Amino acid sequence: MMLNVLFAANASRWSQYQVPLRRAFDAAGLKVTLFTETNAPETVDYIIYAPNGAVSDFTPFTGCKAVLGLWAGVEKIVGNTTLTQPLCRMVDSGLEEGMVEWVTGHVLRHHLGMDAHILHQNGVWEPVAPPLARDRTVAILGLGELGRACAQALAALRFNVLGWSRSPKDVPGVTCLSGEDGLDKALSLAEIVVLLLPQTPETENLLNAARLARLPEGAVIINPGRGPLIDDDALLAALDAGHIGHATLDVFRVEPLPPAHPFWAHPKVTVTPHIASETRPDSASRVIAENIRRGEAGEPFLFLVDRAKGY
Ligand SMILES: NC(=O)c1ccc[n+]([C@@H]2O[C@H](COP(=O)([O-])OP(=O)(O)OC[C@H]3O[C@@H](n4cnc5c(N)ncnc54)[C@H](OP(=O)(O)O)[C@@H]3O)[C@@H](O)[C@H]2O)c1
């Protein structure tokens, strides 16, 4: 049977995705008509979706069997009341690899104190060797697809890794914590905190003034999760007070981060423009094709979003 699949991500992505998608559909034995616009929304079988695309009202897509997101985060669609079909988010090996590299790189920057030599070549010979990773505690908040992969990579480098999630977990080499007590413990020990939680009503402002105060003096915050996980004003206050040593932020409440935002000029903040990782067309296309194959075979979809939990 010929399937109609609407590519409803940002138009700029079409040139990157159309060949890998067609290749993945062929490999999965799917016969697909793939298009970016339609005058007959009721005939669409599946929608490949990203929040920066043109579709936000799903009401006309009466025959749609699932919406397949290209992003890992779903906060922009999960509350969309016009969407009644199953919603799958993106879990992509390429996205995971990129996140592991970005997180590891930024953790190592702060662990090794690289700025001292990269930014401050001042003719002063100060041979102070950095500590070993085994003597550095890193907490990863969020032990999902991305948090778990980052925690394991850091554990492989011998960091003392704490992980925190909603439900209890068992990750080799990682001390897994959950619940409010677990968060307290993780924060009280973490010299470096990495945020890889989804944005939900429960995680908004998770790092507020009280929780920032629990971190050890000089702790570093690395946020590739979502901007609203942190109370920005509380963070700026904690940086200015010297309690927090540095914040490396990839995600923000408003993106692009406005030029006048104090994060840009702050000497203890590193801004990266939401590039920690992105979905990679080749591997992601195979995930999309596999989910369509499952839908057609009556098998459960992979990576279904729990609409009640919000991720
Ligand atoms: N900056 C970038 O370039 C970029 C790229 C991709 C993704 N992201 C962000 O990374 C986030 C994580 O992605 P993922 O694929 O790893 O998500 P995921 O697999 O859904 O994992 C989310 C983790 O957060 C935990 N969690 C959720 N709500 C919680 C709460 N209230 N209290 C404690 N733990 C909670 C979950 O706990 P349970 O395991 O118990 O459910 C899970 O461990 C995405 O939502 C997105 O915002 C950013």
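Under the working numbering, the first residue of the sequence shown is numbered 1, with each subsequent residue one higher.
All residues carry an ideal CB built from backbone N, CA and C; glycine is no exception.
None of these values were measured; they are calculated from a predicted model.
Same chain, Cβ closer than 8 angstroms to residue i, five either side skipped, listed in chain order
i	result
Ala74	Position check: residue 74 holds Val in this sequence, whereas Ala was assumed. Result list for Val74: Leu87, Arg89, Pro198, Val305, Gly310, Tyr311, in chain order.
Asp170	Cys176
His135	Before going on, a small fix: residue 135 reads as Asp here, not His. Excluding sequence neighbours, Asp135 sits near Asn160.
Pro130	His111, Leu112, Gly113
Ala289	Leu21, Ala24, Phe25, Ala27, Ala28, Leu30
Glu42	Pro60, Phe61, Thr62, Gly63
Per-residue burial, residue i [other beta carbons within 10 Å of its own, 16 or more giving buried]
i	result
Asp92	buried
Pro256	exposed
Phe35	exposed
Arg158	exposed
Glu191	buried
Thr203	buried
Val193	buried
Ile118	exposed
Trp102	buried
Gly227	buried
Asn362	The structure shown does not extend to residue 362, since the chain is modelled only from 1 through 311, so no value can be given for it.
Ala260	exposed
Gly242	exposed
Leu239	buried
Leu132	exposed
Thr59	exposed
Thr279	buried
Val313	Since the first and last residues shown for the chain are 1 and 311, residue 313 lies out of range.
Gly105	exposed
Span of the beta strand (DSSP E) around residue i
i	result
Trp164	160-165
Phe301	From DSSP, Phe301 is part of no beta strand (DSSP E); its letter is neither H nor E.
Met90	Per DSSP, Met90 belongs to no beta strand (DSSP E) and is neither H nor E.
Tyr17	Here Tyr17 belongs to no beta strand (DSSP E); instead the alpha helix (DSSP H) covers 14-27.
Ala219	219-223
Ala276	Unbroken run through Ala276: none, as it is neither H nor E.
Tyr311	Neither: Tyr311 is in no beta strand (DSSP E) and is coded neither H nor E.
Gly245	244-249
Gly69	66-69
Leu195	192-195
Lys31	31-35
Sequence-distant residues of its chain with Cβ nearer than 6 angstroms to residue i (five each side left out)
i	result
Pro281	Gln16, Tyr17, Pro20
Val269	Ala247, Phe263
Gln85	Cys64, Ala66, Val67
Val32	Leu3, Val5, Phe25
Gly295	Lys65, Ala66
Val100	Ala149, Cys150, Ala153
Phe303	Cys88, Arg89, Val91
Tyr49	Ala8, Val67, Gly69
Proximity to residue i [Cα-Cα], best of the options
i	options	result
Arg211	Ala186, Leu196, Leu146, Gly53	Ala186
Ala219	Leu143, Val107, Ile275, Ser178	Val107
Ser188	Glu126, Leu215, Pro172	Leu215
Pro172	Val103, Gly163, Phe61, Thr279	Gly163
Phe25	Trp125, Arg293, Asp115, Ala40	Arg293
Gly179	Gly69, Met1, Leu206	Leu206
Ala9	Ala116, Ser56, Asn122, Ala153	Ser56
Pro224	Asp240, Leu196, Asp231	Leu196
Glu96	Glu299, Ser283, Ala308	Ser283
Ile140	Ser165, Leu236, Asn122, Gln121	Ser165
Trp71	Glu126, Glu145, Ala116	Glu145
Gly79	His120, Val124, Pro201, Leu229	Pro201
Gly147	Ser12, Leu83, Trp14, Ser277	Ser277
Met217	Tyr46, Thr137, Gly245, Arg307	Looking at the sequence itself, residue 217 is Glu, so the reference to Met does not match. When only C-alpha atoms are compared, the closest one is Gly245.
Ala155	Thr137, Gly142, Thr82	Thr137
Ile221	Pro300, Pro127, Pro168, Arg109	Arg109
Gly142	Leu183, Asn122, Pro127	Leu183
Pro267	Gly98, Leu83, Leu236, Ser12	Leu236
Ala11	Pro51, Met1, Asp231	Pro51
Endpoints, alpha helix (DSSP H) assigned at residue i
i	result
Ala209	209-214
Ala238	232-240
Cys176	No alpha helix (DSSP H) holds Cys176; the beta strand (DSSP E) holding it covers 174-178.
His117	115-118
Gly147	145-156
Ala265	262-265
7 angstroms Cβ shell around residue i - same chain, five flanking residues per side excluded
i	result
Val44	Asn4, Leu6, Thr38, Phe61, Gly63, Cys64
His274	Asp250, Val251, Glu255
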